[in-house]
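Data first, discussion second: the structure below is written as structure tokens.
In UniProt numbering, the protein residues as written are 1 to 404.
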């Protein structure tokens, strides 16, 4: 049994929740599917100080506000994992791990990203036994112990400083020369002044050591080539993120080589009715505020797309008469003049044709469906199928002959 919605959002982070707020407010029957905790990576962020209107707020508290706002507009939530999709038809089909089948007129992909795995010896086997990827989730388990942090970007340094609240010592393994970090200057200054933080420069980690639990790491100096071992009880990896888009590989969706989804300014993908927002799309800035903007944009675009689909199905494809789809530009005089001429001819021609005017500025999806690039343009339909296109001439007799 398939449950139908107007809009389904896959992912419940800042982007997905923002899209849900806009979808619900637009009176769309909206569902958010999220396999984990609502809020995504933002829910694991201890402190947010750059989201407008909140001088300081924890990630979980901010995400609770987002979810509450969406629920106010009757948005539904489903805790499930999506394992496959079918975007080939007008009704998009989504299947979950527990066997649910859902359909929607439009889908917003807000799947986010997940920590990059280095796949070095010991990393996978000791995950959860000293190997970790989230300081907010796991730092407290290393009270009074020695911890290694791998990475030097914003996430690595900020999470490393958080770990110092619990650990006895935090050692950061850095690829670069002494004093060079990839994080912002403020975080770098705070890290250098933190007495619990130490740095090993020009180095990388070769292996996580230990049988049942982490006992240390093997470190390689990139300049000398020499290796050494460092005793520790925990290793946190912060070496970048990868998009959580693996389940979309057979969907026909265009993605780059790393799995990020390119979109246009309306968050539209290469597939009609499919949008991508937040950390799983190609973008410059990955922050809560930019994710929220993505979600709002995609939901508005999806609303307009759904309106066009409903309009097309109700008025055009199911019409008993022959239909003239007249594509025009409301601000171009030549286009308006042709509209006037065609409408006059149709009124003189009895009730053989039904004319529908399509403003290119407001119904771009419909124009794209019929591959209209230049206006005025007229597509003739019978029983929902295209039978011909008119030559848009201002010659009344020539135009009349095409209609006969």
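For glycine and all other residues, C-beta sits at the position ideal for the given N, C-alpha and C.
- Here residue 8 has 31, 33, 94, 102, 104 and 107 as same chain residues with Cβ atoms under 7 Å from its own Cβ, once five neighbours each way along the sequence are excluded.
- Where residue 234 is concerned, the enclosing beta strand (DSSP E) starts and stops at 234 to 237.
- Pairing residue 151 with residue 73 gives a Cβ-Cβ distance that is not under 8 Å.
- Look at residue 199 here: in three-state DSSP terms it is strand.
- Residue 75 places its beta carbon 8 Å or farther from that of residue 36.
- Residues of the same chain with a CB within less than 7 Å of the CB of residue 182, apart from the 5 flanking positions on each side, are 152 and 153 in chain order.
- With 16 or more other Cβ atoms from the protein chains shown falling within 10 Å of its own Cβ, residue 281 counts as buried.
- Residue 54 sits in a strand when the DSSP states are folded into three classes.
- In the displayed model, residue 22 falls within a helix according to three-state DSSP.
- The beta carbons of residue 111 and residue 245 sit closer together than 8 Å.
- If only uninterrupted alpha helix (DSSP H) runs of at least 4 residues are considered, those enclosed by the stretch 142 to 204 are 154 to 163 and 185 to 192.
- In terms of CA proximity to residue 323, 379 leads the group 311, 50 and 379.
- Excluding the 5 residues flanking it on each side, residue 129 has same chain C-beta neighbours closer than 7 Å at 212, 213 and 214, in chain order.
- The three-state reading of DSSP puts residue 241 in strand, counting E and B together.
- Residue 131 and residue 161 have their C-alpha atoms spaced approximately 17 Å apart.
- In this structure residue 233 is not in contact with residue 123, their Cβ atoms being roughly 15 Å apart against a cut-off of 8 Å.
- Secondary structure of residue 393 (DSSP, three-state): coil.
- Between residue 355 and residue 326 a beta carbon distance of about 6 Å is seen, short of the 8 Å cut, so the two are scored as contacting.
- Residue 358 holds the alpha-carbon nearest to the alpha-carbon of residue 372 among 175, 358 and 382.
- One thing to note: residue 288 has its Cβ within 8 Å of the Cβ of residue 14.
- The beta carbons of residue 298 and residue 19 sit closer together than 8 Å.
- Distance from the Cα of residue 383 is smallest, within the candidate group 312, 12 and 56, for 312.
- Residue environment: residue 258 is assigned as exposed (fewer than 16 neighbouring CB atoms within 10 Å of its CB, all protein chains considered).
- Of the residues 117, 374 and 125, the one whose Cα lies closest to the Cα of residue 134 is 117.
- Per DSSP, reduced to three states, the secondary structure at residue 335 is helical.
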